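Right, one structure below, let's go through it.
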């Protein structure tokens, strides 16, 4: 398929067609078509343009065909309108190839056309490519092409003869290729972007990338300079400057060349933008031409010399320095400046700031700088411009430095802090380097009491900025006495003005302290203006948690002001600051107002101390205060939570800060945890948790027990009282009086045993006869007649005998104590009854009147006889035995034993004893008592309900003693009823 | 300091400089490959002409060849830089330009040291390098040429390191026979 050609005739296709039609109409009959002769080719490899010329007779229209020779592929087939060159008489037509003309050989032929009539084709002319067999090299085309950005471009690669083509890479991109001939391959790149400084590389690989060739293409832009302007420095020549404008992406040999008024400007690669070119004389009009391989651009400028004066920088700057001013001098490189009205700028640079001052003058060469700071380092730069028709400032001169001389220092800024104990400190701010005006040597502090004309001066080192004062030594503390502190700074040049502050003798507690909110500009403080005073103010602030010798900051406010914003680099979030406004600080400071605030409130850093307790069935939570430094914000309240594992359930919000307890009601018994958190505007603290085990209310239980005991005690008292009141009845009912034996004759007081033969009728009714068992205490029936026998009476007698035993009575009553009733709860009997309960024995023994005579044994040792020892076998046989001690008496027995002396015998014989003790104070007494009972052994029968007690109670001596005490008391109680 | 000690010191210093140059040259090659999108290595072709190394060469001949090769490298490098500046311009503070300048200066320093070593070895016969210093006019060819010059510098730097390490001159632990051997060789040849 033939390709349409792109001809350089550059006429639109419709125009060609129209011309062809017209020429066909008008010349058809007149023109004789000839075959084009002497076809000639002229190739421009750089522009890829092929110029074809031929002799074509009178024809103006020709058919043209261009083929790739090797593959016979049509590159171009077109009908062209070719004009005749009047000089050579040849037709000529130009064609631009898409691919470089070196890529492969092209065959060109043409024929004349007149309408539909054509001549024969001309001979084929061949433009030889570089892929001919004679040129075996590995090549690539085009080389070093320079194209504008966005253009399309084709490359071809001719591989070496006999080698295989591999690929074409455009920079890093592998391209699609078209084969043009046996050895030639082409690729096209569209819309190329600008290349780098060294162009864009196109690589061609052959022989499986083992061999490489390539080309470089430079893609860029034509020059586009701007801001072309000319000026003069020396009032003679012109210096023109411009900006390069956009980057052309072409450098080195391909870079832009500049000329001003057709004078080439040498390019210096080290020169930064803007570009500059000098013209020796002021011409008034200038033209800049910028040229590169892709195009050129021109700019013009015109001006009068006096309007374009830009002075050069002054040189040789020097200075003459004083404390408060300095003179700066300089020179000009051009003498022509002496007649030039100049405006000069002097830039003063100190450590803190930079300022500019402006001076005027013809040919200005010196200026006086006033209002400088003493002892200050300055750096000076000067630049100037034309005062008339000011064009621009010249460049800055090289800087020159100097230091001003020293002077006496400024007065320090003094304030004070007073504690409640009349101590305090005088504080002053360190003088800045500027305020010092030289190195500070010392501070002189004077305390002065004007009333008492007391003065105390102290010299302090330069690094001291506070001094402690104790006013107890300076003032008498009367209401109107005052102490003034004065501070003077000293340096090598002199002393400062004194700075004074009145020390308050009485510390006024803060009145209402209002809260203040921190803003971006600090703490905004406002106060009412006092029209009566012309004093200035001092605003002081410090950490609210500090009370003694606090690090205080302050700021002085001029009189008449009613507001100030306090800002300090020392402010810390979470710290409460107290701000105090004082008037007349230098004489007698008066506290006017207080504020407090936080720069930023934080959550409390410490939690409240928490306690929990149970009151009745309620839980009472009580917590303490958080110390002020730990609050870190204004407390807004407390939140009470019930802690359930990791979950907190809010129980109450206590916004009343005065209430620091909470009662939890209605909780069943169990274990609970409660958390209390204080909160500020920043949030809650971490909280404190307290645990409590809710238990039944023990107070009531105790009360119930106490009440019961009280009731019982009351009942006992009542019963006792009733018994006491009815003691006669009780006695009668339970302890009827035993009739007094009637003594028919006078029982002489002669002492001596009275043997009485007991009545043979005195019997003991045996209910049960237990066999004697050593392992258990035997129940022994004691013969009636033995009851009153003590040991000595029967010591030599056989124990087990059927013979009535003679009773020995003493006819002497020793003990005049009242007769003791038998009381079942008496110690001996009660103790004995414990074991007697195991028996079914009913004791029906005879109780003689003398049986109740004695209740206690004489401790003087009316001991049972030691020879009342019986073996188990002895006395066995179920015989009746008198109540006897079951063991051999020993010395201990006499101490507390209330047992009858006969018990050993009874024990050895398995005897019984009555619950009531048949105690004898002594054998003698027993004998005497026996004498008092003439009826003893008589058949007087008394039914005894007392149990027979087994022996062995001697182990409970203490108990018996207690019981005996109670029995004694009760006996006494009852006996007191006797008339 | 004896002559042999001096030789050893110079040789050690030259070896250290060569090590540094080799490192800098590697960086330069890497920068150049990246800058010019050279993804595969360009086939080597020798630009420096010296007789092929041989084990038969004595120390003095080795030094002479080495010094000659380094001289050629410096000439080529100077020409390459000039040609690049002329053809393509140069960025004053570019990474490539800085590295290239560093390699050039280090190579000069190495040459000073090898020259000193050469003198210490009593070598007076210098090989005069015969080079085609014009360089290609086609930019792509110029780039390949510059790259090859960098590779030559790299190659001869490595050769310098190897030579200085292999020859007895830099046997620091050995006795002062190295310089003696150089002298004896020279006297033998005379």
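Protein chains in written order, with our numbering: chain A, 1036 to 2014; chain B, 48 to 237.
For each residue, glycine too, the CB sits at the ideal point set by N, CA and C.
A quick note: this is a predicted structure, and the numbers were derived from the prediction, not measured.
Counting only the Cα atoms, residue 1254 of chain A lies some 24 Å from residue 1334 of chain A. Per DSSP, the unbroken alpha helix (DSSP H) holding residue 187 of chain B starts and ends at 186-213. At a cut-off of 8 Å between C-beta atoms, residue 197 of chain B does not count as an interface residue with respect to chain A.
Scanning the region 1498-1577 of chain A for uninterrupted beta strand (DSSP E) segments of 3 residues or longer gives 1501-1505, 1518-1526, 1534-1538, 1548-1550 and 1558-1561, listed from N- to C-terminal end. For residue 1178 of chain A, the closest Cβ of chain B is nearer than 8 Å.
Only residues of its own chain outside the window of five on either side were considered, and among them 1655 have a CB closer than 6 Å to the CB of residue 1648 of chain A, listed in chain order. A Cβ-Cβ distance of about 5 Å is found for the pair residue 1261 of chain A and residue 1278 of chain A, placing them in contact under the 8 Å criterion.
Short of 7 Å from the beta carbon of residue 82 of chain B, and not among the five residues preceding or following it, lie these beta carbons of its own chain, in chain order: 143. By the criterion of at least three beta-carbon pairs nearer than 8 Å, the region 1140-1148 of chain A is in contact with the region 1161-1178 of chain A.
Taking a beta-carbon distance threshold of 8 Å, residue 1427 of chain A does not count as an interface residue toward chain B. Neighbourhood of residue 1207 of chain A in chain B, by CB distance below 7 Å: 84, in chain order. Its chain contains 1537 as the residues whose beta carbon lies nearer than 7 Å to that of residue 1622 of chain A, once the 5 sequence neighbours on both sides are disregarded; these appear in chain order. Counting every other CB atom within 10 Å of its CB across the protein chains shown gives residue 1181 of chain A a total of 16 or more, marking it as buried.
Residue 1465 of chain A and residue 1500 of chain A have their C-alpha atoms some 6 Å from each other. Closer than 8 Å to the CB of residue 1232 of chain A there is at least one CB belonging to chain B.
In the three-state scheme derived from DSSP, where H, G and I count as helix and E and B as strand, residue 1258 of chain A is classed as coil. For residue 1467 of chain A, the closest alpha carbon among the candidates A/1485, A/1450, A/1446 and A/1548 is that of A/1446. Here the region 1741-1750 of chain A makes no contact with the region 1698-1714 of chain A; the two share fewer than three CB pairs at distances below 8 Å. In the DSSP secondary-structure assignment, residue 1362 of chain A is bridged to A/1355 and A/1403. Shown in chain order are the members of the region 133-166 of chain B whose Cβ falls below 7 Å from a Cβ of chain A: 133, 134, 135, 136, 137, 138 and 139. Contacts with chain B at 8 Å (Cβ-Cβ) include residue 1288 of chain A.
The alpha carbon of residue 1725 of chain A has as its nearest neighbour, out of A/1718, A/1678 and A/1523, the alpha carbon of A/1678. Between the alpha carbons of residue 1414 of chain A and residue 1352 of chain A lies a distance of about 11 Å.
Between the C-alpha atoms of residue 53 of chain B and residue 79 of chain B there is a straight-line separation of about 38 Å. Shown here for residue 155 of chain B: same chain residues with a beta carbon closer than 7 Å to its own, the five before and five after excluded, namely 121 in chain order. In this structure, residue 136 of chain B keeps its C-beta atom at 8 Å or more from the C-beta atom of residue 1185 of chain A. Residue environment analysis places residue 55 of chain B among the buried positions, since at least 16 neighbouring C-beta atoms fall within 10 angstroms of its C-beta. When the alpha-carbon of residue 1282 of chain A is set against those of A/1249, A/1229 and A/1103, the nearest one is in A/1229. Contact check between the region 1398-1411 of chain A and the region 1307-1327 of chain A: fewer than three CB pairs, one atom from each, fall below 8 Å, which does not count as touching. Here the alpha carbons of residue 1345 of chain A and residue 1338 of chain A stand approximately 13 Å from one another. Scanning the region 1118-1163 of chain A from its first residue to its last, the whole beta strand (DSSP E) runs of 3-plus residues come out as 1126-1131, 1141-1149 and 1160-1162. At a cut-off of 8 Å between beta-carbon atoms, residue 185 of chain B makes contact with chain A. The region 54-69 of chain B and the region 182-196 of chain B do not touch, with fewer than three beta-carbon pairs separated by less than 8 Å. Interface criterion met: the Cβ of residue 1236 of chain A is under 8 Å from a Cβ in chain B. Contact between residue 1137 of chain A and residue 1080 of chain A holds, since their C-beta atoms are separated by about 6 Å, short of 8 Å. Burial is judged here by how many other beta carbons sit within 10 angstroms of a residue's own beta carbon; residue 189 of chain B has at least 16 and is buried.
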